[in-house]
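Right, one structure below, let's go through it.
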Amino acid sequence: MKTEIRFLKLILLLISCALLFSSCIGLENVEKVKFNILVEEEDGPKEGYLFLQIVPKGEDKFQGTINFKLGDEELSNTFTTGKDDLQNVLTSMIFSNPSLASILGAASSAQLMLTLITMGGELEVGSTMKEKDEEGKETEISIVSSEIRFDKEALWVDMKTDGVVVIQMLAEKETYFPFVLDIKDKELLEPEQQRIHLEAEEIIWQK
């Protein structure tokens, strides 16, 4: 039963990731990005990268490139698609690689948690939100500091569960585009995973 629940949860996260990919991840403002990836597992760490490029071609066409590598796993694809089909193409690619699906699912869920605190207005250093679920588990989201990275103001966000930091994120202030994501939340990770760390190495913004 727990395995089925985790599978259904991953599917829902991936659907959310696909539906919100251009807005939540903020790719409409990004021409090219490369993330370095570290996944710590029980058998040892795996390192790799995720490269994404989506360039408008005319009013309703996009040319995209995705390159992903983690350990021995690799995915590479270049495509041209219409604006209305972009989400479907990205969804298909995400589902084609379990490791990429796991990473983007966790990353998408972490980003969606920011909506809990953004409901209170513009994010500023010092902003904090706390809530408890029906089982008494307390979640706290805090904006702890800010810095300039890739020529943009970015906010460091700590997410705690019962007082323990389980997610740290450096997100661009206006679009919440993730520059750094460090996830140790067991509810977001696969059973064999202990940590997922994403950090942007290069970003070229849309002009």
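Each residue of the sequence shown is one higher than the last, beginning at 0 in numbering that gives the first Met the number 0.
Quick reminder that beta carbons are idealized off the backbone N, C-alpha and C, glycines included.
On a predicted model such as this, the values are computed, not experimentally measured, just so you know.
Quick one: residues in its chain with C-beta nearer than 8 Å to the C-beta of residue i, no 5 flanking neighbours on either side, listed in chain order?
i, result
"Ser-145", "Val-124, Glu-152, Ala-153, Leu-154, Trp-155, Lys-172"
"Asn-96", "Phe-67, Glu-72, Leu-74"
Going by beta-carbon coordinates alone, are residue i and residue j separated by less than 7 Å?
i, j, result
"Lys-31", "Ile-203", "yes"
"Ala-106", "Leu-188", "no"
"Glu-191", "Glu-41", "yes"
"Ile-53", "Gly-63", "yes"
So, at 7 Å on beta carbons, what are the nonlocal neighbours of residue i in its own chain, with the 5 sequence-adjacent residues on each side left out?
i, result
"Lys-45", "Val-38, Leu-69, Gly-70"
"Thr-2", "With a pLDDT of 40 at Thr-2, under the threshold of 50, the predicted position of this residue should be treated as unreliable, and no value is reported."
Taking the straight line between their C-alpha atoms, what separation do you get for residue i and residue j?
i, j, result
"Glu-139", "Val-164", "9 Å"
"Ile-142", "Val-88", "34 Å"
"Phe-34", "Phe-178", "8 Å"
"Leu-49", "Val-29", "14 Å"
"Lys-129", "Ile-147", "27 Å"
"Leu-85", "Pro-55", "11 Å"
"Ile-102", "Gly-47", "12 Å"
"Glu-198", "Phe-149", "12 Å"
"Glu-207", "Leu-111", "Residue 207 lies beyond the residue range present for the chain, which begins at 0 and ends at 206; the question has no answer from this structure."
Give every residue of the same chain whose Cβ lies closer than 6 Å to the Cβ of residue i, excluding the five residues on either side of it in the sequence, and list them in chain order.
i, result
"His-196", "Leu-37, Asp-181"
"Glu-137", "Lys-131, Asp-161"
"Ile-166", "Ala-109, Met-158, Ile-182, Asp-184"
"Arg-194", "Glu-39, Lys-183"
"Gly-205", "As written in the sequence, residue 205 is Gln, which differs from the Gly given in the question. Excluding sequence neighbours, Gln-205 sits near Asn-28, Glu-30."
Using the DSSP secondary-structure output, state which residues sit across from residue i in a beta bridge.
i, result
"Met-158", "Ile-140, Ile-166"
"Asn-66", "Phe-50, Ser-75"
"Ser-145", "Leu-154"
"Gly-81", "Lys-60"
"Phe-34", "Leu-49, Ala-199"
Taking 6 Å as the cut-off, is the CB of residue i close to at least one heavy atom of the ligand ZN?
i, result
"Glu-40", "As for the ligand ZN, it is missing from this structure, which has no ligand bound."
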